[in-house]
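First residue of the sequence shown? That's 352 in our numbering, and the numbers climb one at a time after it. Heads up, the beta-carbon is just placed ideally off N, CA and C, and yes, glycines get one too. Encoded as structure tokens, the structure appears first; notes follow it.
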Amino acid sequence: MAVDACRGSAFELDALPDDCRATRAATRHALTGLAASISIDGTSVRSGEEVGVALTLTNTTTEDLELVLKPGCASLELQAFQGKKRADFVNPHCGFGTGCGGAHYRLVLTPGGTLTKRLRYKARLVRFTPACKSVEAPLPAGRYELRVEASPFFGLQDALTNVTAPLVVTR
């Protein structure tokens, strides 16, 4: 019996099997039973330095869960908040377009199975000038809430809503 490379208990978003490319996108449906979490390597990061972050999506159901996603359009971004306000990015007037390409992938995640992605977060503050030029500075020391944001083209962005981890930025 052949092994289905697209059905399993552990997938890495950056190394999906080529056999899992879908010929066309499936109809988008609400994802229930997919829980997301982020964990930070360590408990703090020095201002201006980087820290590793793991994003894990877990099938919390007792059934196989079919996922159709477009990893080339993930645009996964880590963001630091204080309260409801984003603290690491100030852009009151510059707009940016986003285009993406790449294939759709169809995966079947078994019960308890995970889809993971390793990310890096740099503790910096990015501000845009009126001429839309970015200026970076170290993120001020303090307590933040790290969130992950995905583009609407990814396919699994709904699972990332309200996923947070505490982050302490030191001098």
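Drop a sphere of 10 angstroms on the beta-carbon of residue i, count the other beta-carbons inside from all chains shown, and report buried for 16 or more, exposed for fewer.
{"i": "V396", "result": "buried"}
{"i": "D355", "result": "exposed"}
{"i": "A492", "result": "exposed"}
{"i": "K468", "result": "buried"}
{"i": "A361", "result": "exposed"}
{"i": "R498", "result": "buried"}
{"i": "G463", "result": "exposed"}
{"i": "R410", "result": "The question names Arg, but residue 410 is Asn in the sequence shown. Classification of N410: buried, given that the 10 Å Cβ count is 16 or more."}
{"i": "V404", "result": "buried"}
{"i": "V402", "result": "buried"}
{"i": "D439", "result": "buried"}
{"i": "V486", "result": "exposed"}
Just reading off the beta strand (DSSP E) that residue i is part of, what are its end residues?
{"i": "S398", "result": "Run containing S398: none; DSSP gives neither H nor E here."}
{"i": "Q430", "result": "E428 to Q433"}
{"i": "E417", "result": "L416 to L420"}
{"i": "S360", "result": "R358 to E363"}
{"i": "A516", "result": "T515 to T521"}
{"i": "F479", "result": "R475 to F479"}
{"i": "L511", "result": "Counting along the chain, L511 falls outside any beta strand (DSSP E), and DSSP gives it neither H nor E."}
{"i": "A488", "result": "S485 to P489"}
{"i": "G493", "result": "G493 to E500"}
So what's residue i in DSSP terms, helix, strand or just coil?
{"i": "G384", "result": "coil"}
{"i": "D464", "result": "The residue you asked about is not Asp; residue 464 is Gly in the sequence shown. Residue state, collapsed to three classes: strand."}
{"i": "G403", "result": "strand"}
{"i": "A454", "result": "coil"}
{"i": "A373", "result": "strand"}
What does a CB cutoff of less than 8 Å around residue i pick up in its chain, not counting 5 residues either side in sequence?
{"i": "F505", "result": "L420, K421, P422, C424, A425, S426 and L427"}
{"i": "C371", "result": "A356, C357, Y456, R457 and L458"}
Between which residues of its own chain and residue i is the CB-CB distance below 6 Å, once the five residues before and five after are set aside?
{"i": "Q508", "result": "A501"}
{"i": "N442", "result": "F479"}
{"i": "L385", "result": "L408 and A510"}
{"i": "A490", "result": "Note that residue 490 is Leu in the sequence shown here, rather than Ala. Only S398, D439, A474, R475, L476 and V520 meet the Cβ criterion."}
At the 7 Å Cβ level, is residue i part of the contact set with chain D, yes or no?
{"i": "G464", "result": "Looking at the structure shown, chain D is missing, and only one protein chain is on hand."}
For the ligand ZN, I want to know if residue i counts as a neighbour, meaning its beta carbon is within less than 6 Å of at least one of the ligand's heavy atoms.
{"i": "A510", "result": "What this structure holds is no ligand at all, so the ligand ZN is not there to describe."}
Report all residues from its chain with a CB closer than 7 Å to the CB of residue i; omit the five preceding and five following residues, and keep chain order.
{"i": "P368", "result": "A356 and C357"}
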